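Chemist: Quick one: the structure is below, and I'll ask about it shortly.
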Amino acid sequence: MNVSWQRLTDQRLCLAAGLAGALLAAACASTPPPTASLQAARSAISHAEEADAGRYAAPELSDARERLAAANSAVDQKMMPAAQRLAEESRVDAQLAFSKAERAKAVAVNDEMKHSNSTLIEEMQRKSGDQP
Amino acid sequence: MNTSTYKVPIPGRTLIAAAVASLLLVACAAAPVRPDGADAARARLTQLQSNPELATRAPVSMKDAEIAVRIAEQPQADVEIGKYNVYMADRKVDIAVAQAETALAVDQRVGLAQAQEKARLDARTHEADLANSKLASARVEIADQKSQAEMNRLAAADAAQQAALLASQQSADVAAQLAAQQAALLASQQSADAAAQLAAQQAAQQNAEMQRQLDEMHAKMTDRGAVLTLGDVLFATGRADLKVGATNNLDRLVAFLNNYPNRTVVIEGYTDNIGGDEYNMALSQRRSDSVKSYLTGQGIGSVRLTSTGKGLSNPIAGNDSASGRQQNRRVEVIIDNPPVAMR
């Protein structure tokens, strides 16, 4: 009785160990693709495109696109941690492209205002010049 | 399994286990290091945080950047993760900078809009000023034209009087000498009547020429003589020295006085009623003196020139309006009729 119980316990232990090992291996091999990060990167890119980043922040926008493509190919090669990182990098690239485009547009508006101010002042001075 | 293994004393087994464990550790986390570039990201974030114009303008993205930089600063065994953390930190600092600068640009628009409003207002004010001054000079011109008509009428009478006088005396002053010679030549051949007629004609021509010169100066004929009114454009407010470029009319007067050396001139300064009697008397005297010294400077003998200050007397317009006061601030130059014309 005592001996058989001992054997049984040994068998169970082996089984448990085997199962645990199998589970671990399965976990490693089948890490799911970083779907949420990939989706976030895609939507950040289209947000930047809508803000005209193609015109005002072209290098950052193409960085974002390239990293998204690299993330997808990492997924194909089952390199999920790398895919996750590339997707996140793509997202911040796109956010930076968006922010730079917004800044460029804001600065352009200010420049236009400054230009029209100085035109007004110049015009006035030219009229004064006409005065004898 | 080798049974001898079981016979190894416990301390020996522990030693082996420890050795294996430490080997594993070394293999896994060889040297956790602070990733390259983390310090640079921190430096750029600090620069942004200490820029007084930008520090408070993008709080959310600056907090994100702060968190990302802190993560990047953690020592990392895995070089790839270290690189990744630095990349994220760099980009988030860039995003914070761009957003803060965007916010700054938007805030600056308030000032720019105010400057624009001011520039527009200045432009409108300026246009109104220009229109007013054009209106004022148009008024002066109309007044000049009116006086010219009157002057022409009186001048015609004056010319006729002089011509008749010259003709009846058959004498010629300096200006009419040539006419007299021709008249004398003619008189020897023709009748005295014809000679007299020619002399009269020549004298009339002389007078017409004089009249043309007076016309050019917009002189007004009065019983005191031809009065030339110099508007306040000659002087700056409160000043007695002649403005540069205001001497056009005075130069015509100089030419006239050179052509007619027997004419004398009285220069009278007038002011508006601003500033009291004494001040205005002195100012008008200085202004008329200044015109006199200009004329002497141009070679007109000072004995022919008399300058007086009349202060605020004899206003030619109301002092209750700016345009009236402008008309009252003037210098009148009276060209006396020549003694010969006065008999």
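In order, the protein sequences belong to chains A and B. Position 44 of the first sequence, counting from 1, maps to 44 under this note's numbering, and the rest follow consecutively. Quick note: to get this note's numbering, add 1000 to the position in the second sequence (first position is 1). Where is the CB? At the ideal position from N, CA and C, for every residue including glycine. Model, not experiment: these values are computed from the prediction.
Which residues in chain B have a C-beta closer than 8 Å to the C-beta of ASP52 (chain A)? List them in chain order.
Modeler: The residue you call residue 52 (chain A) lines up with position 52 of the first sequence. Ordered by position in chain B, no residue passes the 8 Å Cβ test against ASP52 (chain A), which lies about 14 Å from the chain.
Chemist: Within 10 Å of its beta-carbon, does ALA1098 (chain B) have 16 or more other beta-carbons around it, so buried, or fewer, so exposed?
Modeler: On the second sequence, position 98 is the one that residue 1098 (chain B) refers to. So ALA1098 (chain B) ends up on the buried side.
Chemist: Suppose contacts are defined by Cβ-Cβ distances below 9 Å. Is ILE984 (chain B) in contact with LEU96 (chain A) by that definition?
Modeler: In the structure as shown, chain B begins at 1001 and stops at 1343. Residue 984 (chain B) is therefore absent and cannot be evaluated.
Chemist: Do the CB positions of ASP93 (chain A) and ALA51 (chain A) come within less than 9 Å of each other?
Modeler: Taking the first residue of the first sequence as 1, we reach residue 93 (chain A) at position 93. Taking the first residue of the first sequence as 1, we reach residue 51 (chain A) at position 51. Contact: no.
Chemist: Taking the alpha-carbon positions, what's the GLN1108 (chain B) to ILE121 (chain A) distance?
Modeler: Position 108 of the second sequence, counted from the first residue, corresponds to residue 1108 (chain B). Position 121 of the first sequence, counted from the first residue, corresponds to residue 121 (chain A). Those two C-alpha atoms are separated by around 19 Å.
Chemist: Of all the CB atoms in chain B, is at least one closer than 9 Å to the CB of SER99 (chain A)?
Modeler: Taking the first sequence and counting its residues from 1, one reaches residue 99 (chain A) at position 99. True, the Cβ-Cβ gap to chain B drops below 9 Å.
Chemist: Given this structure, state the Cα-to-Cα distance separating THR1306 (chain B) from LEU1112 (chain B), to the nearest angstrom.
Modeler: Residue 1306 (chain B) sits at position 306 when you count from the first residue of the second sequence. Residue 1112 (chain B) sits at position 112 when you count from the first residue of the second sequence. When rounded, the distance between both Cα atoms is 59 Å.
Chemist: The segment 1076-1096 of chain B: which residues have C-beta closer than 7 Å to a C-beta of chain A, in chain order?
Modeler: Residues passing the 7 Å Cβ filter: TYR1084, TYR1087, MET1088, ARG1091, LYS1092, ASP1094, ILE1095.
Chemist: Would the segment 63-80 of chain A and the segment 101-108 of chain A be scored as touching if the rule is three or more Cβ pairs under 8 Å?
Modeler: No: the two stretches stay apart, fewer than three of their Cβ pairs being nearer than 8 Å.
Chemist: Would you decide whether ASN1311 (chain B) is buried or exposed? Buried here means 16 or more other CB atoms lie within 10 Å of its CB.
Modeler: By 1-based counting over the second sequence, the position of residue 1311 (chain B) is 311. The sequence given here has Gly at residue 1311 (chain B), not Asn. Looking at its Cβ environment, which holds 16 or more other Cβ atoms inside 10 Å, GLY1311 (chain B) is buried.
Chemist: Assuming GLU1268 (chain B) is part of the beta strand (DSSP E), what are its boundary residues?
Modeler: Looking up residue 1268 (chain B) in the second sequence gives position 268. Per DSSP, GLU1268 (chain B) belongs to the beta strand (DSSP E) from 1265-1270.
Chemist: Of the residues that make up the segment 69-94 of chain A, which ones have a beta carbon closer than 8 Å to any beta carbon in chain B?
Modeler: From the segment 69-94 of chain A, only ALA82, ARG85, GLU88, GLU89, VAL92, ASP93 have a Cβ closer than 8 Å to chain B.
Chemist: Kindly indicate the opening and closing residues of the beta strand (DSSP E) around GLY1318 (chain B).
Modeler: By one-based count along the second sequence, residue 1318 (chain B) stands at place 318. Element bounds for GLY1318 (chain B): n/a, residue is neither H nor E.
Chemist: Can you name, in chain order, every residue of its own chain whose Cβ lies under 6 Å from the Cβ of VAL75 (chain A), other than the five neighbours on each side?
Modeler: As a working mapping, residue 75 (chain A) is identified with position 75 in the first sequence. Around VAL75 (chain A): PRO33, ALA83.
Chemist: Residues of chain A with a CB under 8 Å from the CB of GLU1112 (chain B): which are they?
Modeler: Reading the second sequence from its first residue, position 112 is the one you call residue 1112 (chain B). In the sequence on display, residue 1112 (chain B) carries Leu and not Glu. Going along chain A in sequence order, the residues near LEU1112 (chain B) (Cβ under 8 Å) are ASN110, MET113, LYS114, ASN117.
Chemist: Just curious, the alpha helix (DSSP H) that LEU1312 (chain B) is in, first and last residue?
Modeler: As a first step, residue 1312 (chain B) must be located in the second sequence, where it is residue number 312. Unbroken run through LEU1312 (chain B): none, as it is neither H nor E.
Chemist: Counting only runs that start and end within the segment 54-83 of chain A, where is the beta strand (DSSP E) found for 3 or more residues in a row?
Modeler: Complete beta strand (DSSP E) runs here, min 3: none at all.
Chemist: May I ask which residues mark the beginning and end of the alpha helix (DSSP H) holding ALA44 (chain A)?
Modeler: Against the first sequence, residue 44 (chain A) aligns to sequence position 44. Its alpha helix (DSSP H) spans residues 35-50.
Chemist: Are any of the Cβ atoms in chain A nearer than 9 Å to that of ASP1336 (chain B)?
Modeler: Here the question's residue 1336 (chain B) lines up with position 336 in the second sequence. ASP1336 (chain B) does not count as touching chain A.
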